[in-house]
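Just so we're aligned, residue 2 is where the sequence shown starts under this note's numbering, counting upward by one.
Glycine included, each C-beta is placed from N, C-alpha and C at the ideal position.
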Amino acid sequence: MLKICAGYISSPLTYICYKVISTGVFPDRLKYSIIKPLYKKGDISDPANYRPISMLTSFSKVLGKALYKRLIEHIDNKNILNDHQFGFRKRFSTEDAIFKLTYVILNALNNKVIVGSIFCDLEKAFDTVNHSLLIKKLPYYGIMGKAKLLIESYLSNRYQRVQLTNSMLKCTAVLGWAEVNHGVPQGSVLGRCCLYCILMISSGPVLFLLYINDLFWAGVVSTVY
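Here you go:
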């Protein structure tokens, strides 16, 4: 329906996008999302085995894509993301990470150096992003002024409610609205796992990548000491 109406709504949508970017304010009415749990694996009765997917309005995704395009241009032009970050990035893959890890290990063994490694599982990492900490990190990456205000506005005053559908019984249950204080919206342009394939790093949550971008340097410091 939106595509059919494109000739009539493109002009006001363009104006709204311009106002959002120029004022640094994301419309509150576009911050409401329906959460549909997506089953992953394990016990089907365990809520921890479901991934929450945010079903946002189409207009919210239009504005998110406009913000994403500007943010990703800044990230790419300034070469902000750490070279050791292989996840959710364009032209990077898990094969690259495996190759580099194997190269480092074999090179160390050839030099008769003892090799040790620690693997951490960031379970439900997207859901635990601290908004205030993420906002504080943005100026370090050159995201200041209206751009910083816009991301802060995008993350604040967000509300969601869970919708459960039983296809066999043909019934739907919807919970009440609750404010979102942590995490990046999975299903949005800026926060989803397919993130327009956190906003085009190929397919990854850019906001999450910015949030953990300094993790490697913390690991280097802890290794040195």
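Chain-order list of residues whose beta-carbon lies under 8 Å from that of residue i (same chain, five-residue window excluded)
i      : result
Met145 : Leu139
Leu14  : Phe60 and Val63
Trp178 : Tyr33, Tyr160, Gln161 and Arg162
Host beta strand (DSSP E) of residue i (start-end)
i      : result
Pro180 : It should be noted that the sequence gives Glu, not Pro, for residue 180. Segment Ala179 to Val181, the beta strand (DSSP E) holding Glu180.
Thr173 : Cys172 to Val175
Pick from the options that is closest to residue i, judged by C-alpha positions
i      : options                           : result
Lys137 : Lys125, Leu150 and Thr129         : Leu150
Leu102 : Lys37, Ser118 and Lys91           : Ser118
Pro28  : Asn112, Arg159, Ser11 and Leu107  : Arg159
Leu64  : Gly25, Gly8 and Ile76             : Gly25
Tyr33  : Glu180, Asp215, Asn214 and Ile213 : Glu180
Ser23  : Lys113, Leu135, Asp77 and Lys147  : Lys147
Pro53  : Gly8, Ala7, Ser11 and Ala126      : Ala126
Arg71  : Val21, Ile115 and Phe89           : Val21
Extent of the continuous alpha helix (DSSP H) run through residue i
i      : result
Leu208 : Val207 to Ile213
Gly8   : Ala7 to Thr24
Neighbourhood of residue i by C-beta, 7 Å cutoff - its chain only, sequence neighbours within 5 removed
i      : result
Val175 : Arg162 and Gln164
Met201 : Caution is warranted here: a pLDDT of 33 is assigned to Met201, below 50, making its placement in the model unreliable, and no coordinate value can be reported.
Tyr142 : Ile81 and Leu211
Ile199 : Unreliable positioning characterises Ile199 in this predicted model, as indicated by a pLDDT of 36, which lies under 50. A coordinate reading is not provided.
Ser154 : Gly25, Val26 and Phe27
Phe217 : Asn83 and His85
His183 : Asp128, Thr129, Val130, Asn131 and His132
Tyr51  : Pro38, Leu39, Tyr40 and Lys41
Phe100 : none
Ala109 : Val116
Within-7 Å CB hit, residue i to chain B
i      : result
Ala109 : Although the question refers to chain B, the structure presented lacks it and comprises just one protein chain.
Close-in-space but distant-in-sequence residues of the same chain around residue i (CB under 6 Å, 5 per side omitted)
i      : result
Leu156 : His132
Ser61  : Leu31
Ser166 : Per the sequence shown, the amino acid found at residue 166 is Thr instead of Ser. Thr173, listed in sequence order.
Val221 : With a pLDDT of only 45 at Val221, under 50, the local geometry of the prediction cannot be trusted, and the value read off the model is given with reservation. None.
Met229 : The displayed coordinates of the chain run from 2 to 226. Any statement about residue 229 would go beyond what the structure contains.
Leu1   : Summary: the structure shown does not reach residue 1, with the chain confined to residues 2 through 226, and so no result is reported for it.
Ile35  : Met56 and Gln164
Item checked: Whole alpha helix (DSSP H) elements within the stretch 27 to 99, 4-residue minimum -> Runs of the alpha helix (DSSP H) inside the stretch 27 to 99: 59 to 78.
Notebook entry, point to check: Which full runs of the alpha helix (DSSP H) of 4+ residues lie inside the stretch 139 to 171, going along the chain?
Noted result: 146 to 156
Item checked: Contact between the stretch 35 to 48 and the stretch 80 to 91 (3+ Cβ pairs under 8 Å) -> no
Check: Between the stretch 86 to 96 and the stretch 55 to 62, do three or more beta carbon pairs fall short of 8 Å?
Finding: With the rule of 3 Cβ pairs closer than 8 Å, the stretch 86 to 96 does not count as touching the stretch 55 to 62.
Note to self: Quick test of the definition: if touching needs 3 or more C-beta pairs under 8 Å, does the stretch 122 to 130 touch the stretch 23 to 41?
What the structure shows: no
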